[in-house]
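These protein sequences, in sequence, are chains F and H. Position one of the first sequence corresponds to residue 2 (our numbering), numbered consecutively onward. Position one of the second sequence corresponds to residue -17 (our numbering), numbered consecutively onward. Working notes, structure below.
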Amino acid sequence: MSNTFDVIILGGGPAGYVCAIRCAQLGLSTAVVEREKLGGVCVNVGCIPSKALLHAAYVANLVRHDAKTLGVTVGEPTLDFGVAVKHSRKVADQNSKGVGFLMKKHKVTVIQGEGTVQQGRKVKVGGETYTATKGLVLATGTRVKGIPQIGLELDGERIISTNEALFLDEAPESVAIIGAGAVGCEFADMLNAFGTKVTLVEILPHILPLEDDEAADALAKSFKKRKIEMLVSAKVKGAKVGDEGVTLEIEAGDGTKSITVEQVLIGAGRQLNTDGSGLAEAGITLTKQGFVEVDAQLRTSADRVYAIGDIAGPPMLAHKGSREGVFVAELIAGKTPHPIRYDNIPSVTYCHPEVASVGLTEAQCKEQDLDYVVGRFPFSANGRARASLETEGFVKIIRDKRYGEILGAHIVASHASELIHELVVARENEYTVEEVDLAVHAHPTLSEAVAEAALDSLGRVIHI
Amino acid sequence: MVTKVLMEALSPTMEEGKLLTWLKQEGDEVTAGDVLAEVETDKAVMELQARGAGVLRRILAADGATVAVGSIVGIIADPDEEIPDLPTAGAPKEKPAAAPKQPAEPAAAPDAAPTSPPSPQPEVPAPAGGRVKASPLARRMASERGLDLSRVAGSGPGGRIVKRDVEGTEAAAPTAAGAYEDVELSQLRKTIAKRLVQSLGPIPHFFLTTEIDMERAADAREALNALGDGPKISFNDIVMKVVAAALRQHRACNAWWLDGKIRYFEDVHLSMAVAIPDGLITPVIRHADRKSLREIATEARQLAERARERKLTPEEYTGGTFSVSNLGMFDIEHFTAVINPPEAGIVAVGSIVERPVVADGELEVRKRMRLTMSCDHRVIDGATGAQFLQTVKRMLENPLALVW
Chain F
2 MSNTFDVIIL
12 GGGPAGYVCA
22 IRCAQLGLST
32 AVVEREKLGG
42 VCVNVGCIPS
52 KALLHAAYVA
62 NLVRHDAKTL
72 GVTVGEPTLD
82 FGVAVKHSRK
92 VADQNSKGVG
102 FLMKKHKVTV
112 IQGEGTVQQG
122 RKVKVGGETY
132 TATKGLVLAT
142 GTRVKGIPQI
152 GLELDGERII
162 STNEALFLDE
172 APESVAIIGA
182 GAVGCEFADM
192 LNAFGTKVTL
202 VEILPHILPL
212 EDDEAADALA
222 KSFKKRKIEM
232 LVSAKVKGAK
242 VGDEGVTLEI
252 EAGDGTKSIT
262 VEQVLIGAGR
272 QLNTDGSGLA
282 EAGITLTKQG
292 FVEVDAQLRT
302 SADRVYAIGD
312 IAGPPMLAHK
322 GSREGVFVAE
332 LIAGKTPHPI
342 RYDNIPSVTY
352 CHPEVASVGL
362 TEAQCKEQDL
372 DYVVGRFPFS
382 ANGRARASLE
392 TEGFVKIIRD
402 KRYGEILGAH
412 IVASHASELI
422 HELVVARENE
432 YTVEEVDLAV
442 HAHPTLSEAV
452 AEAALDSLGR
462 VIHI
Chain H
-17 MVTKVLMEAL
-7 SPTMEEGKLL
3 TWLKQEGDEV
13 TAGDVLAEVE
23 TDKAVMELQA
33 RGAGVLRRIL
43 AADGATVAVG
53 SIVGIIADPD
63 EEIPDLPTAG
73 APKEKPAAAP
83 KQPAEPAAAP
93 DAAPTSPPSP
103 QPEVPAPAGG
113 RVKASPLARR
123 MASERGLDLS
133 RVAGSGPGGR
143 IVKRDVEGTE
153 AAAPTAAGAY
163 EDVELSQLRK
173 TIAKRLVQSL
183 GPIPHFFLTT
193 EIDMERAADA
203 REALNALGDG
213 PKISFNDIVM
223 KVVAAALRQH
233 RACNAWWLDG
243 KIRYFEDVHL
253 SMAVAIPDGL
263 ITPVIRHADR
273 KSLREIATEA
283 RQLAERARER
293 KLTPEEYTGG
303 TFSVSNLGMF
313 DIEHFTAVIN
323 PPEAGIVAVG
333 SIVERPVVAD
343 GELEVRKRMR
353 LTMSCDHRVI
363 DGATGAQFLQ
373 TVKRMLENPL
383 ALVW
């Protein structure tokens, strides 16, 4: 086997493997270097298994609360987190194998091992050195990390990361989750459904601090109903690990309080994998924040070396990485790919209800002094949502007052993750709220609420 | 100089032409007036003539090709000159929409052309089928700004015109200007427009000059300023007030030339040319016809100040319906201004000078001012412009007309 390829990609996660497939489609000989499992964090210890567990949480709550109303009486459910984890592992493994199959199908060489970058687009894996003639793509992603500054060094027992949480045999009696972003909220949702007493600790004034305040508030309201405790504007000052569990000193608002929990789950912050792969030696510079420094074409400071995915900068989302992978593949193949619209990347939190958004929040519109109008439609007025007892949430569309441009969209709903894309497509093609309304929406669907919110922004909402 | 060879409208009703035979080949030297090719129109076989001299560098439509009027079929340029890379004009089966003309940029006029900040008119690739691809948002913005999308180069996928392209042309893209009436172009108007464009750049200007006696206006100004209870009123304020009032009576001059139609406005929004350190900008006094002289003076001063501080918002420098440019303060007695599209007219105001004139058979020294109006001939005909200017002259010579 030759050790020379057109393109070598370091990292087989959603950015790297998608890049590899696109390279292969474009006729480039391609290799992917992966030290663990194909599919990366997303497939193995991230997006995919957590969705399996969240679905289990959904079913638990369905049986517990709504089944009876629907005429299905099954009694108090027996919950076994370990079984749910088993299902999630099966799904993750299937997906990882699926990536392997795709690599084979596209004749992408997979090199198993830890790669070290060397000058001149060379990658050393074990005793072998591989050379990329046309492009070397860095897609090494991130890994979990603790917060040792406040005594929260990961130990895998009491102080755990998502890597451990996704493999628990049983749900802990109590847990404090540090960070109420998408990851923190998803674990709060799933563990709560499996009977864990959850305390979410967020340093900023809202849970889901990157989302629109209204959306975050709607989820907070739902969490509160389920007795998930939320400490916002709360700072962990110290942590002590004892026999009984972990005692946290938390400064929140008016004073300091101390809570003791069985486990602490770190749901915030990830370590960029920019260390230990020889980047500095290969002449690749990093930004102040530690990301690999790239230009608008994702080129690093070294000749024909590109960076994609989490290490290339925020937002750290799988779908952003995948798109960057396609972009770079086309660039290397000599095409002129359409620039990535970083302002039109949707973000989703898969709680119940789900929270999905694209574009600006209302607070950002205010900050930028934009002239805007908000349209809203609550799912409590949507027939389909009522039929399935999923009336929590709303669609909120923020449009430019003058031209109707969709500045931002925020959806809280049982299937917000699926609903948001209509508005992503609209924004990508510069449809205004009028075009969203003009497209006929099937009845009865949750999507009708999207059209109604667009109409509401025009002052013509029908069903409220 | 690069001269584009366009498929010309060789008959008034012609929308496309069939290029029968090129009589010149790539590399041939040509002079203006040379017959380049034979073209079959809807009525007859006609000759396509060179409009410039040089070498026929590129032939973009093959013998036998049918191309829309206005499409670029060839390029004449100096032997070594860099020429734009243009696609070949096809032989579209479907009827193409009238393709946009994109004659060379008008030569930078030496006078105070009140073109608002840099108004990039990107080189338009010859649209193969004449179809304009644009996003709904871009269409909406363009229509509200009176922008002709066929003149905008698209930067989106496949050359699609997207928001940023329309934003880029914001300068030349006035915002909505209130109530108006769109009048579809008659065949005659269309033909006149086409002909004139061919003869004189994208906007067929013509100029009307009148000399105005400013004695009474000067007296009125002095009296008003002597009251000392308001802003100082300048001659330019008076001219703007009068122009606005006259436009109210001559709607035909208060109009925009848009693609395929003329938009006549009910309200007068006056663009005033203001020199700023690195160029020129035309802030707009909205509803100037409904404002008092004092209000105009105050607003003009504030806008000029904000313009020089570069603090104008797009709303403040777009949407004008007619322009006034004044170089009197530089002792320019007479000049012609370049029209600020899509507006159809502009008056260039010269300095007030004492001149010997014959009045009632007597030689007298009087304050006189020359006013020159530039008209877009596609919108304003000679007599139309002249009548408007006559009203302006009468009002300035008898400022009491403003009161009655």
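Glycine residues also receive a C-beta, built at the ideal position from the N, C-alpha and C atoms.
Proximity test, Cβ basis, 7 Å: residue i and chain F
i: H/Leu129; result: no
i: H/Lys75; result: Any reading at H/Lys75 needs caution, since the residue's pLDDT is 37, under 50, leaving its predicted position unreliable; the model's value is listed next. H/Lys75 does not count as touching chain F.
i: H/Lys145; result: yes
i: H/Pro139; result: yes
i: H/Pro156; result: Here the model assigns H/Pro156 a pLDDT of 43, short of 50, so the residue's position is not dependable, and the following value carries that caveat. Judged by the 7 Å Cβ criterion, H/Pro156 is not in contact with chain F.
Cut-off 7 Å between Cβ atoms - residues of its own chain near residue i, not counting five sequence neighbours on either side
i: F/Asp190; result: Leu55, Ala58, Cys352 and His353
i: H/Thr318; result: Asp93, Phe189, Ala330, Thr354 and Ser356
i: H/Arg33; result: Thr(-15) and Ala14
i: F/Lys258; result: Ile251
i: H/Leu240; result: Gly128, Asp130 and Pro324
i: F/Arg65; result: Pro78
Any C-beta of chain H under 7 Å from that of residue i
i: F/Tyr343; result: no
i: F/Thr286; result: no
i: F/His339; result: yes
i: F/Glu436; result: yes
i: F/Glu429; result: no
i: F/Tyr432; result: yes
i: F/Leu459; result: no
Assigned secondary structure, residue i (DSSP; H/G/I helix, E/B strand, else coil)
i: F/Gln369; result: coil
i: F/Gln255; result: Going by the sequence as given, residue 255 of chain F is Asp instead of Gln. Looking at F/Asp255 - three-state DSSP - the assignment turns out to be coil, as it is neither helix nor strand.
i: F/Val64; result: helix
i: H/Asn308; result: strand
i: F/Thr132; result: strand
i: H/Pro74; result: Here the model assigns H/Pro74 a pLDDT of 37, short of 50, so the residue's position is not dependable and the matter cannot be decided.
i: F/Gly239; result: strand
i: F/Ala221; result: helix
i: H/Pro48; result: Contrary to the premise, residue 48 of chain H reads as Thr rather than Pro in this sequence. The answer is strand: DSSP assigns H/Thr48 an E or B state.
i: H/Leu231; result: A small correction: the amino acid at residue 231 of chain H is Gln; Leu does not occupy that position in the sequence shown. In this structure, H/Gln231 counts as helix in the three-state DSSP scheme.
The alpha helix (DSSP H) enclosing residue i, as first and last residue numbers
i: H/Gln378; result: Looking at the sequence provided, one finds Leu at residue 378 of chain H rather than Gln. Run containing H/Leu378: Gly364 to Glu379, per the alpha helix (DSSP H) assignment.
i: H/Tyr299; result: Pro296 to Tyr299
i: F/Thr288; result: Taken as a continuous stretch (DSSP letters only), F/Thr288 belongs to no alpha helix (DSSP H), as it is neither H nor E.
i: F/Gln95; result: Phe82 to Lys106
i: F/Ser458; result: Glu449 to Ser458
Beta-bridge partners of residue i, as assigned by DSSP
i: H/His187; result: H/Asp358
i: F/Ser348; result: F/Ser358
i: F/Ala177; result: F/Thr200 and F/Val265
i: H/Lys389; result: The displayed coordinates of chain H run from -17 to 386. Any statement about residue 389 of chain H would go beyond what the structure contains.
i: H/Met387; result: As displayed, chain H neither begins before -17 nor continues past 386, which places residue 387 of chain H out of reach and without an answer.
i: F/Thr143; result: F/Leu273
i: H/Leu1; result: H/Val21
i: F/Thr433; result: F/Glu406
Within chain A, partners of residue i - CB distance below 8 Å
i: F/Gly405; result: Looking for chain A here will not work: the only protein chains present are F and H.
Extent of the continuous beta strand (DSSP E) run through residue i
i: F/His411; result: Ile407 to Ala414
i: F/Ala281; result: Here F/Ala281 belongs to no beta strand (DSSP E), and DSSP marks it neither H nor E.
i: F/Met231; result: Glu230 to Leu232
i: H/Val256; result: Val256 to Ile258
Contacting residues, own chain, Cβ-Cβ under 6 Å from residue i (five flanking each side not counted)
i: F/Gly394; result: Ala219, Pro354, Phe380, Val413 and Ala414
i: F/Ile160; result: Leu153 and Val265
i: H/Val114; result: Leu131 and Ser132
i: H/Leu416; result: Chain H is shown from -17 up to 386; residue 416 of chain H falls before or after that span and cannot be answered.
i: H/Ala124; result: Leu131 and Val148
i: H/Ala155; result: For H/Ala155, the predicted structure reports a pLDDT of 38, less than 50, and the residue's modelled location is therefore unreliable. The matter cannot be settled from this model.
i: F/Lys123; result: Thr130 and Thr132
8 Å Cβ shell around residue i - same chain, five flanking residues per side excluded
i: F/Ser234; result: Glu203, Ile204, Leu205, Pro206, Ala253 and Gly254
i: H/Asp62; result: none
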